[in-house]
Every structure is written in structure tokens, then in C-alpha cells.
DNA sequence: AATATATACATTGACAGGCGAGGTATATAA
DNA sequence: TTATATACCTCGCCTGTCAATGTATATATT
């Protein structure tokens, strides 16, 4: 695993929410998008990804529904809720703050 | 606890090493320094701090010795080793990289 | 004299998130 | 027929954080 994995620990949920702000999506696609955006420098582990989905849904930040694919593997799509959007915005602010703190400290 | 605690998770060791690069220090002082630098926005929990010291010493990044205080509570001082300095420099680079990745993703 | 506060270190045990390993199923390309 | 890509899911371990608790010294307050 890449050197950065420890440092991104704790951002998984925000990363997922960020993808869902643009459009509904599903696990596999979200992970592919993360890999594209980081040019392969980072990827979500499947176990991490799916356990995060459970937490996010439990918390009311996302909702899920099965896609109506007539071919290929089935997809479970996720939508972000208004509460999820608020949480995402808050998390982004927290990140800006945390970045400054860490920069002061290291 | 402050909102940022989850996001700083994983930086504890680097924060400690950063303090020891300047000068030898001890737990209580390091924590006070962290609080000063962040204007009270962040503090290391004692259990977190002392378990980090154990890990860092185990890994050969720091060495410890008892201070020779003739008054007040005894202090266990820590010194950063050359290996610890290298690790600190690497961690700083990793942080710069992680910051960019996270900014891309959220 | 008694109490509170600051300094200083340390351990225990619970909890939460990350993830390796394993499993299921469909579709296409070699 | 085999491999690869797509797509989802669970179990159980590992690791870092931290609340709670305990010890000891020195000073300030009541």
C-alpha cells in the first residue's frame, strides 16, 4: 500500500460524499474515480469502501437503491441526502482547519 | 474533544518528532507546546502521547533518559535519533503529498 | 492544617476504522 | 476454457486513540 494510506485514514467518508455530491454513483465507479483523480496514487480498499457505505447509510448521509441494469453485474447506487450534504460541507471546513493545524505542528 | 481530532489521527508521531528536532523535551512540555502552537485548538491526550513515545522508542526514532531535577516532579526526556530525523523528514514529505491528494478528492 | 491546582509520568481496557483474505455472480476477450 | 473486468459483500485481525484511573512532588489558597 502507498505511503499515504495512514494519512488519509479518517477521510474515507468525506471522499465518498464528495463523489456523490456531483451525481449518484456506486462503489466500483467511486473507487475508479478516486484512482483517476489521484493518477493511481490512491485507491479505496473494497472492505473499507463498503463498510463506509454502511456507516454513511446508517447515519442518514446517503440512501441506496439497486440499478436497473439489464446486462452485466448489478449495481447498488447511492444518493447523498440533505443531511449528507451538510455533513460534507462541514467536513470540508474541518479539513481546511485541520490542514492549518497540522502545518503549524509538523 | 475538538472536531479535528479524527483528522489529525495518524500525525501524532510526526508532531512529537517535530518538537524533538528543535531540542530534547518531555511529554508534558511537548503537549503544552502543541497547545500553544495551536492556540488551544488541539492537544494530545496523555494516553495517546505516552503510547506514541513507546512506539517511537521501540522503532528507534527516539531515545529517553531521566532528567536530573532536584525539585518538582521527575521528567523523562526524549532525544530524536538520526533515524528519527530521517523519518520525520519523510513524514513531512508524505504529508505534503497527502494534502494534495485529499484536496483533489474532497 | 487542609484543600486545590499545576506539574509530571504511566497503565488498562474499550472502541472504531482500515483492510487482507475470502466469497459470489455476470459478461467479454483470448 | 481460461482469464480479465465488472460489481458486490462479510469476517476477523490489527492498530491508534482515549476515558478512566493511579502515583508523586510542589505551590497557592482557604
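Residue numbers (this note's numbering), protein chains in the order written: chain V, 3 to 108; chain E, 3 to 108.
For each residue, glycine too, the CB sits at the ideal point set by N, CA and C.
Same chain, Cβ closer than 6 Å to residue i, five either side skipped, listed in chain order
| i | result |
| --- | --- |
| residue 79/V | 26, 28, 67 and 69 |
7 Å CB neighbourhood of residue i in its chain, flanking five on each side removed
| i | result |
| --- | --- |
| residue 54/V | 14, 15 and 18 |
| residue 12/V | none |
| residue 87/E | 23 |
| residue 77/V | 28, 69 and 71 |
| residue 56/E | none |
Simplified DSSP state of residue i, which is helix, strand or coil
| i | result |
| --- | --- |
| residue 78/E | strand |
| residue 67/V | strand |
| residue 30/E | helix |
| residue 45/V | coil |
| residue 100/V | helix |
| residue 11/E | coil |
| residue 62/V | coil |
| residue 95/V | helix |
| residue 89/E | helix |
| residue 25/V | coil |
| residue 16/E | helix |
| residue 83/E | coil |
Cutoff 8 Å: residue i Cβ touching any chain E Cβ
| i | result |
| --- | --- |
| residue 56/V | no |
| residue 3/V | Caution applies to residue 3/V, whose pLDDT of 41 falls short of 50 and renders its modelled position unreliable; the model cannot decide the point. |
| residue 96/V | yes |
| residue 100/V | yes |
| residue 11/V | yes |
| residue 43/V | yes |
| residue 108/V | yes |
Classification of residue i by the beta-carbon crowding that lies within 10 angstroms, buried from 16 upward
| i | result |
| --- | --- |
| residue 21/V | buried |
| residue 85/E | exposed |
| residue 100/E | buried |
| residue 44/V | buried |
| residue 81/E | exposed |
Short CB-CB distance (under 8 Å) between residue i and chain V
| i | result |
| --- | --- |
| residue 22/E | no |
| residue 103/E | yes |
| residue 87/E | no |
| residue 17/E | yes |
Query - Contact between the stretch 99-107 of chain V and the stretch 47-62 of chain V (3+ Cβ pairs under 8 Å) - result: The stretch 99-107 of chain V vs the stretch 47-62 of chain V: no contact.
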